[in-house]
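*Asks:* Take any residue in the sequence shown, note its place counting from 1, add 1190, and you have its number in the working numbering. Idealized CB from N, CA, C, for every residue including glycine.
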Amino acid sequence: MNPLALDLVTAWPEIILSGGLCLVLLVDMFLKDSHRDFTYLLTILLLAGMAWVLLGDGNAGQTTLAFGGSYISDPLARVLKLFAVAIVATVFLYSRPYLRVRGLHHGEFYVLGLFGLLGILVLASSYSLLVSYLGLEILSLSLYAMVAFNRDSPVAAEAAMKYFVLGAIASGTLLYGMSLVYGVTGTLNIGDLQASIGSGEAASPSLWVGLAFLVAGIAFKFGAVPFHMWAPDVYEGAPTAVTLYVGTAPKLGALALAIRILVEGLGQQPAVSDLWQLMLAALAVLSLVLGNVAAIAQTNVKRMLAYSTIAHVGFILLGFVAGSPEGVQAALFYTLVYVIMATGSFGFLVVLSSRGEDVENLDDLRGLWQRSPWFALMMVLLMVSMIGVPPLAGFYAKWWVLSALLGSGNVALAVVGLVASVIGAYYYLRVIRLMLFDDGGQAHAGGVPLDVRVVLSVNVLLLVLIGLLPDRLLELCARAAALI
């Protein structure tokens, strides 16, 4: 196969998405507001086609480099891309009734969501610091616009401005770190970083400073403490359908960024890897403690889930701290499971808000079991999985991270993770108590379309199936992490 054909085949999912995105944008320009469902259907068909292409990839299990070694197609990229496509499609399925009842069912929501997905796909296959930055900016700019999607909401505008300012600083920080690493190593190619960092360069203060900036930029994209300031305000201020998107799919992009740069690029030299693992350990502990403690004090469900996300990010970072292939595998497994749980949890709020009244406060959920028992049961299972109770998927996600830590001798960090999980159980159980045993709330799921009900049910069922058969997903993660 000639080089040009190889490049095109390697980037085929991104090419399809780019072309389809332009088609969706062009078609939407000529549609009346009453015909926006056609934009929605076209978007879902595009994502279904992409999933079919990814599942039917004849090169599955192989690693291919393209565009001068700056772009890669490997098992890790394929897993992240497939999950990203599935999650974004699920977000769109949840969101349509919510947007329609508020007069926000515009094509821009789907176009921006597809642009964000394109950024995630680029991050998943990036094998160059420059390409990683390009993918990150495509994703970030889409998210800033999505948060401000409701132009009539001053709260959303404020959240978008905060997100944009802090995000710009984080992007600059990450880019400066990349420039320092490039100055020391003389290469932007992630595969060449290992060979470029000799014993002399590994001890370079410039490399240490660059590494610190890289970790800070990655931590912001994850929402880890102390780079979490944007998350609670953005999650609370954005329309719930946008919060659903922001709180789920971008985590896959952040994971790809961390694995490609830290593990693949800077993970083999002990003098370097020990340093970033120490940084991540501090960020993980801070995220676990502050995320869980702050979530207890929240009365707004979206804000509570924002701090919950910060705590879960702490667990993901612990997988990297383990410093072993099992740790990376556990971090990947945890991220995939968390994204499924978060999609269900935020999707639950979107569903309950689809009648026109926002369900955002904990008091709104009081007595939900009496009014909508099936939906209350779905949320109970989601919260139980978030806690980490067997046999749901959340248990195995935490179990594999803690096992990786113990296997690498990080007993103290494993204990911190275990204690943090116990603390976090309080606010999840509070949600369950309000729904099952209290009275007085107003939220109910009357009039929710059948397709949305099915999506939520399948979302939760997937967590049950992964919990009963965790080896399937774990094997997938093991294959993805084996070639790193």
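As a quick exercise: from 1329, 1313, 1347, pick the residue whose alpha carbon is nearest that of residue 1322.
*Replies:* The residue given as residue 1322 occupies position 132 in the sequence shown. The shortest C-alpha separation from residue 1322 is found at 1313.
*Asks:* Thinking just about the alpha-carbon of each residue, which of 1202, 1398, 1371 is nearest to the one in residue 1386?
*Replies:* Working through the sequence shown from its first residue, we reach residue 1386 at position 196. Answer by Cα proximity: 1371.
*Asks:* Determine the extent of the beta strand (DSSP E) in which residue 1262 is found, giving its start and end residues.
*Replies:* The sequence position of residue 1262 within the sequence shown is 72, counting from 1. Per DSSP, residue 1262 belongs to the beta strand (DSSP E) from 1261 to 1263.
*Asks:* Out of 1222, 1236, 1196, 1227, state which residue places its alpha-carbon closest to the alpha-carbon of residue 1213.
*Replies:* Locating residue 1213 in the sequence shown gives position 23, where the first residue counts as 1. Checked all of 1222, 1236, 1196, 1227; the closest Cα to residue 1213 is 1236.
*Asks:* At 4 residues or longer, what runs of the alpha helix (DSSP H) sit wholly inside the region 1532 to 1570?
*Replies:* Listed in chain order, they are 1558 to 1561.
*Asks:* Considering only the alpha carbon of each residue, which of 1425, 1547, 1502, 1549 lies closest to residue 1585?
*Replies:* As a working note, residue 1585 is residue 395 in the sequence shown. For residue 1585, the closest alpha carbon among the candidates 1425, 1547, 1502, 1549 is that of 1502.
*Asks:* Candidates 1549, 1486, 1245: which alpha carbon is nearest residue 1620's?
*Replies:* The count along the sequence shown starts at 1 and reaches residue 1620 at position 430. Residue 1620 has its Cα closest to that of 1486, out of 1549, 1486, 1245.
*Asks:* Return helix, strand or coil for residue 1600, following the three-state DSSP convention.
*Replies:* If you number the sequence shown from 1, residue 1600 lands on position 410. Residue state, collapsed to three classes: coil.
*Asks:* Which residue comes first and which comes last in the beta strand (DSSP E) that contains residue 1229?
*Replies:* Locating residue 1229 in the sequence shown gives position 39, where the first residue counts as 1. Per DSSP, residue 1229 belongs to no beta strand (DSSP E); it is in the alpha helix (DSSP H), 1226 to 1245.
*Asks:* Can you tell me whether DSSP reads residue 1316 as helix, strand or coil?
*Replies:* Position 126 of the sequence shown holds residue 1316. If DSSP states are grouped into helix, strand and coil, residue 1316 belongs with the strands.
*Asks:* Can you list, in chain order, the residues of its chain whose CB lies under 7 Å from that of residue 1508, leaving out five sequence neighbours each side?
*Replies:* Position 318 of the sequence shown, counted from the start, is the residue given in the question as residue 1508. Excluding its 5 nearest sequence neighbours in each direction, residue 1508 has C-beta neighbours in its own chain below 7 Å: 1474, 1591, 1595, 1603, 1607, listed in chain order.
*Asks:* Decide if residue 1376 is buried, meaning its Cβ has at least 16 other Cβ atoms within 10 Å, or exposed.
*Replies:* In the sequence shown, counting from the first residue as 1, residue 1376 sits at position 186. With fewer than 16 other Cβ atoms within 10 Å, it is exposed.
*Asks:* Tell me which same chain residues have a C-beta within less than 7 Å of the C-beta of residue 1378, skipping the five on either side of it?
*Replies:* Within the sequence shown, residue 1378 is the residue found at index 188, counting from 1. These residues qualify, in order along the chain: 1318, 1319, 1320, 1372.
*Asks:* Which residues in the same chain as residue 1488 place their Cβ atom closer than 6 Å to its Cβ, once the five residues preceding and following it in sequence are excluded?
*Replies:* Here residue 1488 corresponds to residue number 298 of the sequence shown, with the count starting at 1. Once the five neighbours on either side are set aside, the close Cβ partners of residue 1488 are 1494.
*Asks:* From the DSSP output, which residues share a beta bridge with residue 1254?
*Replies:* Within the sequence shown, numbered from 1, the residue matching residue 1254 stands at position 64. In the DSSP output, where bridge partners are listed per residue, residue 1254 has 1263.
*Asks:* Indicate whether residue 1505 and residue 1524 have their beta-carbon atoms separated by less than 8 Å.
*Replies:* To locate residue 1505, count along the sequence shown from 1; it is residue 315. To locate residue 1524, count along the sequence shown from 1; it is residue 334. A contact, by the Cβ cut-off of 8 Å.
*Asks:* Just to confirm, are residue 1464 and residue 1349 a CB contact at a threshold of 8 Å?
*Replies:* Here residue 1464 refers to the residue found at position 274 of the sequence shown. Here residue 1349 refers to the residue found at position 159 of the sequence shown. Residue 1464 places its beta carbon 8 Å or farther from that of residue 1349.
*Asks:* If you draw a straight line from the C-alpha of residue 1290 to the C-alpha of residue 1430, how long is it?
*Replies:* As a first step, residue 1290 must be located in the sequence shown, where it is residue number 100. As a first step, residue 1430 must be located in the sequence shown, where it is residue number 240. Those two C-alpha atoms are separated by around 13 Å.
*Asks:* Count the CB pairs spanning the region 1227 to 1245 and the region 1265 to 1278 that are closer than 8 Å, and state whether there are at least three.
*Replies:* Taking 8 Å as the limit for Cβ pairs, the verdict is that the region 1265 to 1278 does touch the region 1227 to 1245.
*Asks:* Are there 16 or more other CB atoms within 10 angstroms of the CB of residue 1420, so buried, or fewer, so exposed?
*Replies:* The count along the sequence shown starts at 1 and reaches residue 1420 at position 230. Buried.
*Asks:* Return the residue from the list 1662, 1538, 1597 that minimises the CA-CA distance to residue 1646.
*Replies:* For this step, residue 1646 is matched to residue 456 along the sequence shown. Ranking 1662, 1538, 1597 by Cα distance to residue 1646 puts 1538 first.
*Asks:* Once you ignore the five residues that flank residue 1261 on each side, which residues in its own chain have a CB closer than 8 Å to its CB?
*Replies:* If you number the sequence shown from 1, residue 1261 lands on position 71. So the list reads 1197, 1200, 1201, 1255, 1315, 1316, 1317, 1318, 1321, once near-sequence residues are dropped.
*Asks:* Which residues in the same chain as residue 1432 place their Cβ atom closer than 7 Å to its Cβ, once the five residues preceding and following it in sequence are excluded?
*Replies:* As a position in the sequence shown, residue 1432 is number 242, starting the count at 1. 1336, 1337, 1339.
*Asks:* Going residue by residue through the region 1269 to 1356, where are the continuous alpha helix (DSSP H) segments of at least 4 residues, counting only ones entirely within it?
*Replies:* 1297 to 1315, 1319 to 1337
*Asks:* By the 10 Å Cβ neighbour count, where 16 or more other Cβ atoms means buried, how is residue 1450 classified, buried or exposed?
*Replies:* Within the sequence shown, numbered from 1, the residue matching residue 1450 stands at position 260. Result: buried.
*Asks:* Might you give, ordered along the chain, the residues of its own chain that have their beta carbon closer than 6 Å to the beta carbon of residue 1496, omitting 5 neighbours on each side?
*Replies:* Taking the first residue of the sequence shown as 1, we reach residue 1496 at position 306. These residues qualify, in order along the chain: 1421, 1422, 1425.
*Asks:* So who's on the other strand from residue 1180, going by DSSP bridges?
*Replies:* Lying outside 1191 to 1674, the shown extent of the chain, residue 1180 is not represented and no answer is given.
*Asks:* Going by C-alpha to C-alpha distance, which of 1380, 1648, 1653, 1467 sits closest to residue 1526?
*Replies:* In the sequence shown, the residue the question calls residue 1526 occupies position 336. Looking at the Cα atoms, 1653 is the closest of the given residues.
*Asks:* Does the distance from the CB of residue 1575 to the CB of residue 1582 come in under 8 Å?
*Replies:* For the purposes of this step, residue 1575 is taken as residue 385 along the sequence shown, with counting starting at 1. For the purposes of this step, residue 1582 is taken as residue 392 along the sequence shown, with counting starting at 1. A contact, by the Cβ cut-off of 8 Å.
*Asks:* Verify whether the separation of the beta carbon atoms of residue 1462 and residue 1456 is less than 8 Å.
*Replies:* Within the sequence shown, the letter at position 272 stands for residue 1462. Within the sequence shown, the letter at position 266 stands for residue 1456. Yes.
*Asks:* Does the separation of the CB atoms of residue 1440 and residue 1311 fall below 8 Å?
*Replies:* Taking the first residue of the sequence shown as 1, we reach residue 1440 at position 250. Taking the first residue of the sequence shown as 1, we reach residue 1311 at position 121. No, they are not a contact pair.
*Asks:* Looking only at its own chain, which residues have a Cβ that is under 6 Å from the Cβ of residue 1492, when we skip the five neighbours before and after it?
*Replies:* For the purposes of this step, residue 1492 is taken as the residue at position 302 of the sequence shown. The answer, listed in chain order, is 1425, 1426, 1433, 1550.
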